[in-house]
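Taken in order, these protein sequences are the chains called A and B.
Taking the working numbering, the leading residue of the first sequence gets 1, the next gets one more, and so forth.
Taking the working numbering, the leading residue of the second sequence gets 1001, the next gets one more, and so forth.
Structure, as structure tokens:
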Amino acid sequence: MDKCPVGSCSSEALMQRVALGDSQAFAALMARHQDRVMAVAFRFLGSRQEAEDLAQEVFLRVWRAAPSYTPSARFTTWLYAITANRCKSALRSFWRTGVLLLGALSADEEDQADLADQRRSPSPEDLALGAERARQVATALGSLPKTQRLATILLRYEGLSYAEIAEVLGVSVPAVESLLVRAKRSLEEKLRQHQE
Amino acid sequence: MSTPAAELGCHQARQCFSALQDKALSKDHQLRLEAHLECCPACRAEYSRLEAAWAALGELPAPSAPSALAGQVLKRIEAGPRWLNVLRPLPRLAPSVAALGAMLLLGLVAGGFLGHAVLPGQEALAESTSTLQALDVFTPAPQGTLAHGYLQLAALEGK
């Protein structure tokens, strides 16, 4: 196999090298995609620590599944599919349920507020409003059923098309449309309730 | 002639708001929906609310991955069984050898299992002995009876 410099290799080509156990190619692949995995996980779970753990799990899975990866699928689609599956199973975990019941949700809200503070801080009032708004959006998003939430995140933040979302979630395009119609209605209702 | 707006009812129009927002409608469908919005204040208000909610989602920032993430994952990979890492590229480099090895392993496991299942174990032998002892009651067993057949079979196996 011709070896391209890791920096200029396509992700698909890097994956073929990862399949042969090339850890340098794997590190390059991670550097290229870790932020998007982290962003999906964080917006889905609402907690920075859990998102970091999940991102690690996703890339471990990428490493282990590399020999079975076929370049017929776009690497990012394949990566999003792994991330989506991990997100769904993370929510099912007994420990997560236990932790939420014990009230750790407040710490996650602090994460959201801290991030809002980092991005925009023109005045203390704006800061407070931004943090509050981020909290409201996170709560509304977090209340959606998991598949609706994933479809929303992939569309709104990752810019995927309906067809790509369908491939990632393993459903039909009309099913994605239906998921998004319900998700948007639900978000609109919840955000309106917060404002009232 | 009906106007484009008349072609879409409010319920039908609202079902398409999401697709309109995501520019996922056909040109014709989009024009009909826009015409409906122009002449229906209720739908227009509903669509604006949906747009506002969608815009609000932009106010949810996400953190970047920590710089140590790659190192942590690589450490976990290295901590795993090293012999597995050596075997990982084998299916690609030598698929026939890998397949042969896997089949050999499967054959050995299946053979061992089936051999164990077919050969009589201690329990089966004990059961057979107790049946023969019980049949002593009928000896000499009349020809053509089930007991006679069983005893003959046992005698043959005994040889």
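We treat Cβ as the ideally placed atom computed from N, Cα and C, and that holds for glycine.
Asked: Per-residue DSSP class, three states only, for A:R199; Found: Outside the displayed span of chain A (1 to 196) sits residue 199 of chain A, for which this structure offers no information.
Asked: Neighbourhood of A:Q136 by C-beta, 6 Å cutoff - its chain only, sequence neighbours within 5 removed; Found: H194
Asked: Beta carbon of A:A151 nearer than 8 Å to that of A:V176; Found: yes
Asked: Three-state secondary structure (DSSP) of B:K1023; Found: coil
Asked: Under 8 Å between C-beta atoms of A:L29 and A:V18; Found: yes
Asked: Cβ pair B:L1008, B:R1032 closer than 8 Å; Found: yes
Asked: Whole-Å CB distance - A:V173 paired with A:A183, under 8 Å assumed; Found: Going by Cβ atoms, the distance from A:V173 to A:A183 rounds to 15 Å, so no, they are not a contact pair.
Asked: Chain B contacts made by the stretch 23-35 of chain A, where a contact means CB separation under 8 Å; Found: S23, F26, A27, M30, A31, Q34, D35
Asked: Span separating the alpha-carbon of B:L1057 from that of A:S23; Found: 37 Å
Asked: Cβ pair count under 8 Å reaching 3, the stretch 44-60 of chain A against the stretch 70-90 of chain A; Found: yes
Asked: Between the CA atoms of A:L187 and B:K1023 - distance to the nearest angstrom; Found: 19 Å
Asked: Per-residue DSSP class, three states only, for B:S1018; Found: helix
Asked: Chain-ordered neighbours of A:R43 on chain B, where CB pairs are closer than 8 Å; Found: L1060, A1062
Asked: Where the alpha helix (DSSP H) through B:P1041 begins and ends; Found: 1041-1056
Asked: Cβ shell of B:Q1143 (< 7 Å), same chain only, five flanking positions each side left out; Found: none
Asked: CB contact check: A:G130 to chain B, cutoff 8 Å; Found: yes
Asked: Buried versus exposed call for A:E52 [16 or more other C-beta atoms within 10 Å across all chains shown]; Found: buried
Asked: B:V1097: contacting residues in chain A (beta-carbon distance under 8 Å); Found: Result: empty, since nearest Cβ-Cβ is about 15 Å, beyond 8 Å.
Asked: Proximity below 8 Å, CB of A:A65 to CB of A:Q34; Found: no
Asked: Members of the stretch 165-190 of chain A that neighbour chain B once the beta carbon cut-off is set at 7 Å; Found: E177, L180, V181, K184, L187, E188
Asked: Helix, strand or coil at B:P1095 according to DSSP, with G and I counted as helix; Found: helix
Asked: Exposure of B:L1106, with buried meaning 16 or more beta-carbon neighbours within 10 Å; Found: exposed
Asked: Buried or exposed by the 16-neighbour rule on C-beta atoms within 10 Å, applied to A:Q16; Found: buried
Asked: A:V171 versus A:L160: straight-line alpha-carbon distance, rounded; Found: 14 Å
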